[in-house]
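Structure, as structure tokens:
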Amino acid sequence: MSLENTELKIGNTSFKGIWIAIVLTIGTSIGGTVWTASSLYSRLETVEAVKIPNIKPVTERVTLIEQRLQDNDVGQLKAKLATLGTHLETILTQQEKLLEIKAELSELSKEIEAMKAVVKQGELIADSMGDVDTRMNKLTKEIEDLWQGMNYLNASPLQR
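All you need for the numbering used here is the position in the sequence shown, starting with 1, plus 8.
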């Protein structure tokens with residue numbers, strides 16, 4: 009049984025051969041189109057059945073937010089943030105300098121402590137020199153007294 013020998017009778021009309029394939033193709037295309045349109049229409053009805061809530065409160069909130077943004081001058085925030093960034097960089101460089109100064113101060117502190125020790129030794133030497141000074145004064149007085157005694161003994165008896 010080939011397609012050319014096949015015959016289909018629908019009502020008073022009979023279809024033979026290739027015409028059966030054409031009618032079947034057209035029929036299924038029309039059926040598919042109707043089914044797609046029906047599906048689309050049911051989806052559209054579903055979307056239309058959804059009630060949209062009252063958006064007036066949302067609109068008011070958006071208006072309030074816009075007003076706050078204008079009041080806070082959000083447009084200028086970028087410039088202010090750039091300025092803050094610059095200030096932070098300056099602070100960081102100053103902090104690094106302060107850390108260097110702190111290290112130098114620590115070294116100077118150690119040197120000052122060493123100098124204090126030297127000064128303390130000098131004070132001890134000076135104190136001991138004070139004793140030497142009084143001893144030297146005593147020795148000088150004794151030597152002068154001895155010279156006076158020598159001069160007295162050397163002097164002629166008439167000058168005495």
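Glycine is no exception: its CB is placed at the ideal position from the N, C-alpha and C atoms. Remember, predicted model here, so these are calculated numbers, not experimental data.
| Asked | Found |
| --- | --- |
| Straight-line gap, residue 51 to residue 88 (C-alpha atoms, nearest Å) | 52 Å |
| Rounded C-alpha distance that separates residue 95 from residue 80 | 21 Å |
| Alpha carbon of residue 13 to alpha carbon of residue 28, nearest angstrom | 11 Å |
| Proximity of residue 48 and residue 31 at Cβ, strictly below 9 Å | no |
| Residues near residue 159 in its chain [Cβ-Cβ closer than 7 Å; skip 5 each side] | none |
| Local conformation of residue 50 per DSSP, three classes | helix |
| Bridge partner(s) assigned by DSSP for residue 14 | Partner(s): none; residue 14 has no beta bridge. |
| CA-to-CA distance, residue 111 to residue 121, given in whole angstroms | 16 Å |
| Those residues which DSSP pairs with residue 21 across a bridge | 18 |
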